[in-house]
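Everything on this sheet refers to the single structure shown next.
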Amino acid sequence: MSLRAQNSEKEAKMLNEQLEDLKKQLNECLREKNETELRLLDSAPLSVQRNPTDDQKLIKLLQEELRNYEKEVHEARRLKSSHTNVELLSEKLLEEQSRRKRAETELSKLQEIEAKAQKLELELASCTSLLGNIPDVSSYSNIADLQRQALTDLNKLGEVTSRLKELEVTLEFAEISKQRAEGEATLAKERAESASREVKRLELLLTAVSEERDRLRKDHNMLSNQKTRDGDDMSSKKMESDLSQMEKVVRELETTLHEQRELISQQHAELNLMNEKLSIEARKAKSLEREGDQLRSQVALLESKLGHGDYSASSTKVLRMVNTLAMDSEAKQTIEALQAELKKTKERLQAIEELKGQADAGTVVDANVAEKLAQLKNQVATLEKREERYKAVFLERISVFRKACCSLFGYQIVMNDEQQPNGIHVTRFTLQSVYAQTDDEKLEFLYESGSTNIVVGLLHC
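full-length UniProt numbering numbers the first residue of the sequence shown as 1 and each following residue consecutively.
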């Protein structure tokens, strides 16, 4: 292209030089024409004296020269018009070269968009295959029922899990209470055993003291009898004092034994109460364990319904959405820019064709310009076809993507393009749940130049 432009510039310079020469020749011819006309006027009175054949020859000669001069003038004008056409075409050629560069950059962007579209297509295919792998799902309408059932099961699972946690805490508290009661019961048993041993020791001691008292009484009686016989007062008094002391000790031992028996009876009562509490706590623990087992079985059943069984990295599939609002907006802006560029290129091509139809000369650069025009027309046709294909694919894929999002997450997404009073284009997104009871239960927000602003929202989760 640069070589052709240089050749066109050289030819334009040559045509300028030829134009200058032709201008000079034209001026010379006009001057000679004027002189010839003056000579003809001067020679008119003498035409009678001359031979008519000579005058006719001179007139024919002058007429031929005049026709030659007119041809040269016509040629000069044609060259001048072709020169102006060449300059205009060279300027248009430079403009088309710059536009071609921009179109090449846009084509590279289109290739990137095509790669992104293919990637999106693969993601949608994986999403479709994932939906196919879900059991008992033959169409997208079944997914709503599954979602409702899943939400219900999740709520039940949450309630059962919370109840299970409460029961586990209660069971743990009951186990602690049981252990404490067992410890207290063991301690009470030990105290009761020690008290029983003390009672037995006191009973033995009481028995020994009673025997000693009986023996002393016998001795006292014998001494009394002997006193009556012998009249020994001192030994009798001594025996009586010993006997009174022994009786005092016996009474003290009886009091202590009575107190120990009362303490043992109290400890037995406490031990029986502890045993009753221990049996009650054991029954509570067993009932809590049974209820916990039932709740665990319910949790396992709900998890099996939800597909939340044992986790396996080899069989678990994760759906990752690659397409975002920013990518959609960027692709849309690129398509709009390409549309504007195509429109401008069409207008320029139409202007060039009109200029070509008006130009009668310039056959030197005509072939190159026609070739360029044909290439540009082919590029425009290719870009138009690609644009239409991208539009169709984009609309189809975005429709499938919205249906998949609605089926998977339970929200319907509506996207509309709007133009604000200041001329800025914005995208309005409306997010509405499939379980919404009224049309007012929705969330609207505007997407503009990478920023998102919430407009109105009445969304119940």
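We put the CB at the ideal spot given by N, CA and C, even for glycine.
Just so we're clear, the structure is a prediction, and the values are computed from it rather than from any experiment.
Within this structure, are the beta carbons of VAL250 and VAL199 separated by less than 9 Å?
-> no
Nearest to residue 462 by CA position, among PHE173, GLN294, ALA188, is which residue?
-> Past the boundaries of the shown model lies residue 462; the chain is included only from 1 to 461, so the question cannot be answered.
Inter-residue Cα distance where the pair is LEU66 and ASN16 | 25 Å
Given a cut-off of 9 Å, decide if THR427 and ASP417 are closer than it, judged by their beta-carbon atoms.
-> yes
May I ask you to list the residues that DSSP assigns as paired with ARG100?
-> ARG100 is not bridged to any residue.
Specify the secondary structure class of ILE335 as computed by DSSP and reduced to three states.
-> helix
Run through DSSP, which three-state label would VAL434 get?
-> coil
When you compare only the Cα positions, how much space is there between THR152 and GLU159?
-> 11 Å
Rounded C-alpha distance that separates ILE59 from GLN375 | 56 Å
Let me know if SER82 comes out buried or exposed under the rule of 16 or more other beta-carbons within 10 Å of its beta-carbon.
-> buried
Report all residues from its chain with a CB closer than 7 Å to the CB of HIS425; omit the five preceding and five following residues, and keep chain order.
-> ASP417, GLN419
Identity of the residues DSSP links to LEU451 by a beta bridge | Correcting the residue type first, residue 451 is Ser in the shown sequence and not Leu. Note: SER451 sits in a beta bridge opposite GLU448.
Ignore the nearest five residues each way along the sequence and tell me which others in LYS13's own chain have a CB closer than 6 Å to its CB.
-> none
Would you kindly work out how many angstroms separate the C-alpha atoms of SER126 and GLU91, rounded to a whole number?
-> 52 Å
Could you please give me the residues that DSSP links to GLU418 through a beta bridge?
-> VAL426
Using a Cβ-Cβ distance under 9 Å, would LYS10 count as near chain D?
-> You won't find chain D in this structure, because it holds only one protein chain.
Straight-line gap, VAL400 to LYS284 (C-alpha atoms, nearest Å) | 57 Å
LYS189 to GLU276 span [Cα, whole Å] = 14 Å
Residue burial classification, ALA181 (beta-carbon count within 10 angstroms, cutoff 16) | buried
Between the beta-carbon of LEU263 and the beta-carbon of ALA195, is there less than 9 Å?
-> yes
In terms of DSSP beta bridges, what is ILE413 paired with?
-> LEU431
Whole angstroms is fine: what's the gap from LYS109's alpha carbon to LYS156's?
-> 51 Å
Whole-angstrom C-beta distance between LEU288 and ALA185, which should lie under 8 Å | Not quite, the Cβ-Cβ distance comes to about 21 Å (not below 8 Å), so this is no contact.
Top-ranked residue by Cα proximity to ARG296, from GLU203, GLN260, GLU166 = GLU166
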